[in-house]
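In the working numbering, the protein residues as written are 197 to 582. Even for Gly, the Cβ is constructed at its ideal location relative to N, Cα and C. Values in this document were obtained by computation on a predicted structure and should not be read as measured data.
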Amino acid sequence: MVCTDPDVNKYLLSSENKGIFPGYPRSFSEMVGKWNPANLLGSEHKSMRSSFLSLVNTQAIKEMLLPKTDVFMQSYVSNWSDKILDFQKTSNEVLMRLVLKLVASKEENSKELEELMHQVSLSLFTPAISFPGTTYNKSHKARRKLVQMLGKIIEERKASKCSRNNDVLDTLLRYSEDSNSVIQTDEQIIDHMISFVLSGYETASTILMMAVKYLHDHPHAQDELRKENLEIRKGKPEDYKINWDDYKSMSFTRAVVLETLRMASLGLGFLRRTTVDTEIKGYIIPKGWKIFVCAAETSKDPDTYPEPLKFNPWRWLSNMESHQYFMLFGGGARVCAGKEVGILEVSMFLHYLVTRYRWEEVGENKIVSFPRVEAPNGLYYRLHNC
Ligand code: HEM
Numbered sequence: 197m198v199c200t201d202p203d204v205n206k207y208l209l210s211s212e213n214k215g216i217f218p219g220y221p222r223s224f225s226e227m228v229g230k231w232n233p234a235n236l237l238g239s240e241h242k243s244m245r246s247s248f249l250s251l252v253n254t255q256a257i258k259e260m261l262l263p264k265t266d267v268f269m270q271s272y273v274s275n276w277s278d279k280i281l282d283f284q285k286t287s288n289e290v291l292m293r294l295v296l297k298l299v300a301s302k303e304e305n306s307k308e309l310e311e312l313m314h315q316v317s318l319s320l321f322t323p324a325i326s327f328p329g330t331t332y333n334k335s336h337k338a339r340r341k342l343v344q345m346l347g348k349i350i351e352e353r354k355a356s357k358c359s360r361n362n363d364v365l366d367t368l369l370r371y372s373e374d375s376n377s378v379i380q381t382d383e384q385i386i387d388h389m390i391s392f393v394l395s396g397y398e399t400a401s402t403i404l405m406m407a408v409k410y411l412h413d414h415p416h417a418q419d420e421l422r423k424e425n426l427e428i429r430k431g432k433p434e435d436y437k438i439n440w441d442d443y444k445s446m447s448f449t450r451a452v453v454l455e456t457l458r459m460a461s462l463g464l465g466f467l468r469r470t471t472v473d474t475e476i477k478g479y480i481i482p483k484g485w486k487i488f489v490c491a492a493e494t495s496k497d498p499d500t501y502p503e504p505l506k507f508n509p510w511r512w513l514s515n516m517e518s519h520q521y522f523m524l525f526g527g528g529a530r531v532c533a534g535k536e537v538g539i540l541e542v543s544m545f546l547h548y549l550v551t552r553y554r555w556e557e558v559g560e561n562k563i564v565s566f567p568r569v570e571a572p573n574g575l576y577y578r579l580h581n582c
């Protein structure tokens, strides 16, 4: 069943206590791992979700994720003048390298880790058909290897007790030493690491790619974004750092990220399944049915977003995030746990991009939005210093 009604969608996302549970395919559960909050129900979901949230809350962002992301982006988004880049490839690469650095301080020599994670990400929503050569089969093998590699990294980290990396793995190891923590085993640590990488990798990298495109196509929005970000740089030394106050002041940048997510309809929707016969607006949805909560439709509803097909970041400056039909990051008890990290990653990339470069299209770039948003032939722009 497909549901496009905003009220019913909202109800479906917040009715886990009425037996409406996530209904993702087997491949998703297997790839993200058994300890990913998205795979758990009831009290297990509550406790794993809260341990995941402590990795990505405001304190973690202020003290670790923001400074690390800033240093990474400052050096990654550099020396691009007069180069032609395929932003589809670049977005995937930048996001994967960044998250591996945040999770396990891996940046250099992490090619194999990057490739394995990417291969696993390809099977989140594919049919679980395990013949030699199918994507699912390759991803399964990649996950097994990934678990071994992460296990080795954990062992090394435990052995070098005195080294401090200030990353997600350090935090998880600290939790596992506390007997009151829900994180006790290496398997749980590994699943949290994989969840941190995979839960936001594809979405954030696609937002990044599409933001580059929308900003190119809407120079007025690009100018406004540049103005806000140059203001932050003003009066600072060349190797400046972006602090928490700077980041909080980037309201137009945040608006660009949200408008890109809304326009590109990345998450076409969320899957739910009924575990009891459920009555909604006079209709009975039988037990065991799958429901596709069509969020893409809700994010193009003209009653909520006037002129919904127009790229208009300004609409987010008037507190639209607290609108009752805001569901770009899901809703209810399963609303995205890493929302602020996803917004941070894209915002920091955009900061260094717009303060350093302008970009012009090379060739005719084509975007398709089904089954996933992608540029089948790449998304090429030539960059110039600004
Ligand atoms: C900006 C990009 C992102 C978007 C658009 C996004 C979107 C979503 C959505 C829509 C859901 C809910 C799915 C459902 O209800 O079935 C979700 C759940 C989740 N997201 Fe994100 N996400 C993003 C980034 C991230 C990042 C960066 C992380 C991790 C650092 C993350 C971690 C999670 C987790 C753990 C869940 C499961 C929550 C639960 O079941 O309690 N997400 N995300």
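| Check | Outcome |
| --- | --- |
| State buried or exposed for Leu404, treating a residue as buried only when at least 16 other CB atoms are found within 10 Å of its CB. | buried |
| Spatial neighbours of Met389 within its chain, please: CB distance less than 8 Å, with the 5 preceding and 5 following residues excluded, ordered by chain position. | Val299, Ala300, Leu346, Val364, Leu365 and Leu368 |
| Rank Gln284, Phe268, Thr200 and Ile280 by C-alpha distance to the C-alpha of Lys562 and give the top, closest one. | Gln284 |
| Take Met459 and list the residues in its own chain whose beta-carbon comes closer than 6 Å to its own, dropping the five residues that flank it on each side. | Phe507 |
| Rounded to the nearest angstrom, what separates Phe209 and Ser518 at their Cα positions? | Looking at the sequence shown, residue 209 is not Phe but Leu. For Leu209 and Ser518, the distance between alpha carbons rounds to 16 Å. |
| What did DSSP end up calling Pro415 once you bin it into helix, strand or coil? | helix |
| I'd like to know if the segment 309–328 and the segment 377–396 are in contact, where contact means that at least 3 CB-CB pairs between them fall below 8 Å. | yes |
| If you measure from the CB of Ser395, is any heavy atom of the ligand HEM nearer than 7 Å? | yes |
| Which first and last residues belong to the beta strand (DSSP E) in which Thr474 is found? | Thr474 to Ile476 |
| Three-state secondary structure (DSSP) at Arg568? | coil |
| Reducing DSSP to helix, strand and coil, say where Cys403 ends up. | What sits at residue 403 in the sequence shown is Ile, not Cys. The answer is helix: DSSP assigns Ile403 an H, G or I state. |
| Please tell me whether Thr265 and Leu294 are closer than 8 Å, where the distance is taken between their beta carbons. | yes |
| From Arg340, Glu503, Pro323 and Arg450, pick the residue whose C-alpha is nearest to that of Phe224; which is it? | Pro323 |
| Please list, in chain order, all residues of the same chain as Ser287 whose beta carbon is under 6 Å from its beta carbon, the five residues on each side excluded. | Ser401, Leu404 and Met405 |
| Does the beta-carbon distance from Lys214 to Thr399 come in below 8 Å? | no |
| Give me, in chain order, the residues of the same chain whose beta-carbon lies closer than 6 Å to that of Glu560; leave out the 5 immediate sequence neighbours on both sides. | none |
| Using a Cβ-Cβ cutoff of less than 6 Å, which residues in the same chain neighbour Pro498 once the five nearest sequence positions on both sides are dropped? | Pro504 |
| Answer with buried or exposed for Cys582, where buried requires no fewer than 16 other C-beta atoms within 10 angstroms of its C-beta. | exposed |
| Given a cut-off of 8 Å, decide if Leu467 and Val569 are closer than it, judged by their beta-carbon atoms. | no |
| Quick one: is Asp387 buried, meaning 16 or more other Cβ sit within 10 Å of its Cβ, or exposed? | buried |
| Hey, quick one: how far does the alpha helix (DSSP H) through Trp485 stretch, first residue to last? | First-last for Trp485: undefined, no H or E at that position. |
| Within 10 angstroms of the Cβ of Gln418, are there 16 or more other Cβ atoms? Answer buried if so, exposed if not. | buried |
| Could you tell me which of Glu427, Asp201 and Val267 sits nearest to Glu541, measuring between CA atoms? | Val267 |
| Ends of the alpha helix (DSSP H) at Glu352? | Thr331 to Ala355 |
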